[in-house]
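In what follows, a single structure is set out as structure tokens and then discussed.
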Amino acid sequence: MAESVVCFVIEKLVSLLISTEAKLSRDVRKEVGCIRDELESIRSFLMDADAKAAVEGEMDDSIKTWVRQVREAAYYIEDAIDEYLLCITRHHQDRGFLHKITRLVKKMKPRDEIASKIEAMKTLVSEIKARHERYGSNSSEQGQSSREMTVPWHDPRVASLFIQEAEVVGIESARDELINWLVKGASKHECREVISVLGMGGLGKTTLAKKVYDNQKVIAHFDCHAWITVSQSYNVEDLLRMMIRQFCKSTKEYIPEGIDTMDQESLIIKSREYLQQKRYVVVFDDVWKVDFWGAMEHALPDDKAGRIMITTRIKDVADFCKKSCFVHVHHLQPLPPNKAWELFCRKTFQFELEGNCPQELEELSHEIVRKCEGLPLAIVSIGGLLSTKDKSLSQWKKLYGSLSSELESNPHLTSLTRILSFSYHHLPYYLKSCVLYFGIFPEDCSISCTRLLRLWIAEGFVKSKKGKTLEEVGEEYLTELIHRSLVQVSRVYIDGKARSCRVHDLVREVLLRKGMESSFCHMLSEHESNFTPVTRRLSIDSSPSDALRSIEQSHIRSVLAFNQEEWPKSFLNTLSGNFKLLKVLDFADAPIYQLPKYVGDLYLLKYLSLRNTKVKLLPDSIGNLQNLETLNLKQCLVYEIPAKINKLLKLRHLLACYCDKSTDFSMTYYERGVKIHDGIGCLQALQKLCHVEANHGGINLIKALGNLRQLRRLGLKNLKSEDGRALCASIEKMNHLQSLEVSTISEDEVLDLKFLLNPPKFVRFLYLKGPLENFPSWVPKLQQLIKLRIFWSRLRDSPLKPLQNLPHLQELGFSYKAYDGVQLHFEGGFEKLRVLKLKHLKGLSSLIIDNGVMPDLQELHIGPSPQLKEVPSGIHHLRNLRTLRFVDMPKEFPRHMHPNNGQHYWVVEHIQDVLFSYKFGPRCGVFETHTLRDSSL
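In the working numbering, the protein residues as written are 11 to 947.
Shown next, in the form of structure tokens:
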């Protein structure tokens, strides 16, 4: 982690050197350059220290002390830079006669202060470097490079190779499947095949692979076999020698002479000669690097049915072999709840109580198993620890309550902690801060991916790449963490992109502990009310008001709040004084009713979220936040955006809408946007702007939108028909637009989009709300379109033919008077469609689905459609349909489909879930739902 901090500070120093605003003198610039160079040298030492910790799982105490000093020095430098930039920004904000008089005096003060601090920085960094060299901790003594290191004898992964059959639970199906692939092949070709077993640390990849490797069917089928543990650090020649030795040992042949002195090329030749005309199987366990296969593939001939099995945590490693052979990736899953419970009881009560859990411990035991989330190593480790304890509820509760600290210190859990930590230690420096951010969020928290990316960007974790936005680079970071099996996807969008994500609860415990040790973050709660002065991020989770009131001057950059019942006004009112270097304020769901008017003094603030708060007004001082990138006002009560928002030239995301979920879904009352003033066109960094009420700005507002050329998402409400021409002209200028949502001011106001002749070609999501004179001719041109939803459009002619050949369309919806015709006939196409929603089409009396249409459809929603009297027989053709939902349809519908005597049961018998939902109360989205086989129907 220290390396990440140092890299971050180096980048800040570089930014300071090239900044035109900083106005540093030549001598000061020279000193800054010297500090940067010294930090670069220190960084190389830190890389070695981190590499050693990654392999051995821990650092020498003296190295820990030195690393802590480096980290604190880096934080000091970061503070000095930010305080200087804060002074510069404040001076730029000053206005008026007094400023003009005192300008020359004032502008010298921050420059003098930064010069003094830079001199202190240089002395501090030099002393740290000298101290490192004085005590002999140079890079060669501290440890070899990570490439040359070897795994120590106490590697916790070794235990996986010696688990008895009786201790293995829940892998039978996967074991049999892998054995079948090894023996019979996963493809139809007589060629070398690779089976990659992929999953997070502790999931049992090595255990599974070893049980497959040791199976008698596998041993009997192959002429020779080898098991190679690769791990994070390896030497290619050593792996080749080990493989050849094991092949020879399995066939009881002599090991070739001179193997110990052969170079890589000779070893490859020797391996190929030995394996000629032999059926072989080799397991490469715990592979971390994609270039591994490039080194090994030539040693394994492709002229016989050879089998290679790889275990890895990293998807790119699992896929990399595809360049030269058939690969089947087996995604190892967590244990299901029943198997997890069986393993827990077997490990915890194996020598007493006949393997059964006492009744008084059952509830707590199930909670412990739930926390393990099906991770076998966690279940076995915690179960093993509990097996040594008295079977008393009070002792178990005490241990469960202190599990976080036990993970760090209890020898029974050391292996678990190290295994979970390996993935973190193996990360490149730019991902370490990103993954530590998951520790800031509460346990069991599923995090919106877009929220997470914006937070990373505000923190400065995401580095720019030529030709890509920071958001796109952030997506790459998140994808890499997912592919490394550190982050789990909780929900996905219709196109498969991650919508929300999380980490395993025990991984979160490890990350939180690392974050707190390095002053990266602190979780302020009832149990953790104190934090160090250099703490960078404060996560406030159900903490008492007294703790919040006690927070004074600090170097905190970010405040995030969770699960709050009340906020002391004193905390909010002292933000600008106590947290002057803040970059992130995330008050989502917090019980706050107003922002202090001095929030504008947080000049460095980049991210402000008031989502789902009771805030009604934004102070005019918000115009001072000229570094602000994200302003999230979703579901808060702010209706009018101050005119001074137009000064925020770095603003990338302005998100605002309010849904009144106590009412039914409607065009005019259910959802509203915000009112903005003239001048929005100057915010040319905006990527997302939604939702804005167009009736307050009129044509001038619509025209100004044409200046926002970087927009990716646009949402407009309350449009009038006379806005159509100007709106289309503005949209045509938005070359990067990916999501467009437009709605008219009422159900009678025409949504005029006929002037849009050249729509942005990257539009993927389109929502049209309002009457259409004709279906827009430009929609079929949207070759990247994934989702199309149409509401209140009152189309008289079927729009299906123009849409059926869109190559990527996956979700289609016609809702709330979107179609006034009596028949919808799906005649062809819709090859990728997965979700179809036909809702509130009062005139629809016939739905025809031809055979072969919508072959991938998985969800179909119908109703209310009172004129639709019979179950559409064409549903029988939708063989991949998994969910069929009828909403507020006549009671005879379920009877006609009843499994016992329903005349239309044959139409739906292949569908997993057939549901009948009926509106319940006035609230939007509240239904009473029954299944087809429910006895109450």
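Every residue gets a Cβ at the ideal spot worked out from N, C-alpha and C, and that includes glycine.
Compute the Euclidean distance between the alpha carbons of residue i and residue j, then round it to the nearest angstrom.
i, j, result
"V222", "W191", "10 Å"
"D866", "K259", "51 Å"
"L862", "L813", "Note that residue 862 corresponds to Gly in the displayed sequence, not to Leu. Taking the straight line joining both Cα atoms gives about 16 Å."
"F765", "L721", "20 Å"
"L635", "W788", "40 Å"
"R428", "S14", "20 Å"
"R518", "F448", "7 Å"
"V390", "K399", "15 Å"
"I111", "V24", "For I111, the predicted structure reports a pLDDT of 36, less than 50, and the residue's modelled location is therefore unreliable. The matter cannot be settled from this model."
"G633", "K657", "6 Å"
"G931", "S676", "15 Å"
"K117", "T545", "Caution applies to K117, whose pLDDT of 46 falls short of 50 and renders its modelled position unreliable; the value that the coordinates give is listed next. Cα to Cα, the separation comes out at about 30 Å."
"L10", "S431", "Any answer about residue 10 is impossible in this case: the structure gives the chain only from 11 up to 947."
"Q152", "M57", "With a pLDDT of 40 at Q152, under the threshold of 50, the modelled position of that residue is not reliable, and the figure given next carries that caveat. Going from the Cα of Q152 to the Cα of M57 covers about 11 Å."
"P770", "H746", "7 Å"
"F836", "K579", "59 Å"
"C44", "K473", "23 Å"
"F775", "S425", "47 Å"
"D944", "C692", "58 Å"
Going along the chain, which residues of its own chain have a beta-carbon closer than 7 Å to the beta-carbon of residue i, five neighbours each way excluded?
i, result
"V499", "I492, A508 and C511"
"D515", "K381, E383, E453 and D454"
"Y928", "D898, F937 and E938"
Between residue i and the rest of its own chain, which residues show a CB-CB distance below 8 Å, the 5 nearest in sequence each way excluded?
i, result
"N148", "Residue confidence for N148 is low, a pLDDT of 46 falling below 50, so the modelled location carries little weight; the figure read from the coordinates is stated next. Result list for N148: F55 and H142, in chain order."
"N890", "P865, D866, L867 and Q868"
"V497", "V445, F448, L488, L491, C511, R512 and V513"
"I138", "I52, W76, Q79, V80 and A83"
"Q833", "S808, L854, S855, S856, L857 and I858"
"I238", "L249, M252, M253, Q256, V292, V293, F294 and D295"
"V881", "F903, H906, M907, H914, V917 and V918"
Looking at residue i: is its Cβ nearer than 7 Å to the Cβ of residue j?
i, j, result
"I20", "R39", "no"
"N583", "P606", "yes"
"R662", "E681", "no"
"S749", "R723", "yes"
"F801", "Y826", "yes"
"H887", "I921", "no"
"I885", "V917", "yes"
"D674", "C934", "yes"
"D670", "K654", "no"
"E821", "I602", "no"
"F471", "S433", "no"
"Y777", "E751", "yes"
"M533", "D551", "yes"
"S495", "R282", "no"
"K730", "E759", "yes"
"S1", "A598", "This structure gives no information on residue 1, because the portion of the chain shown stretches from 11 to 947."
"Y649", "L96", "no"
"E307", "Q274", "no"
"L795", "L816", "yes"
Considering only residues of the same chain and omitting the five flanking positions on each side of residue i, which have a CB-CB separation below 6 Å?
i, result
"K299", "none"
"G716", "S740 and K743"
"F18", "none"
"V379", "A350, W351 and F354"
List the DSSP bridge partners of residue i.
i, result
"G725", "E751"
"D312", "Answer is none; D312 lacks a bridge partner."
"H532", "L548"
"W237", "V293"
"E821", "K797 and V845"
"M319", "I205 and V293"
"A508", "V502"
"H908", "Note: H908 sits in no beta bridge, so no partner."
"K779", "S753 and F801"
"F336", "E203"
Using a Cβ cut-off of 7 Å (strictly closer), state whether residue i contacts chain E.
i, result
"Y603", "Within the model displayed, chain E is absent; a lone protein chain is all it includes."
query = Using 8 Å as the threshold, is the segment 206 to 218 in touch with the segment 240 to 252, meaning 3 or more CB pairs across them?
reply = no
query = Using 8 Å as the Cβ pair cut-off and three pairs as the minimum, do the segment 329 to 348 and the segment 362 to 372 touch?
reply = no
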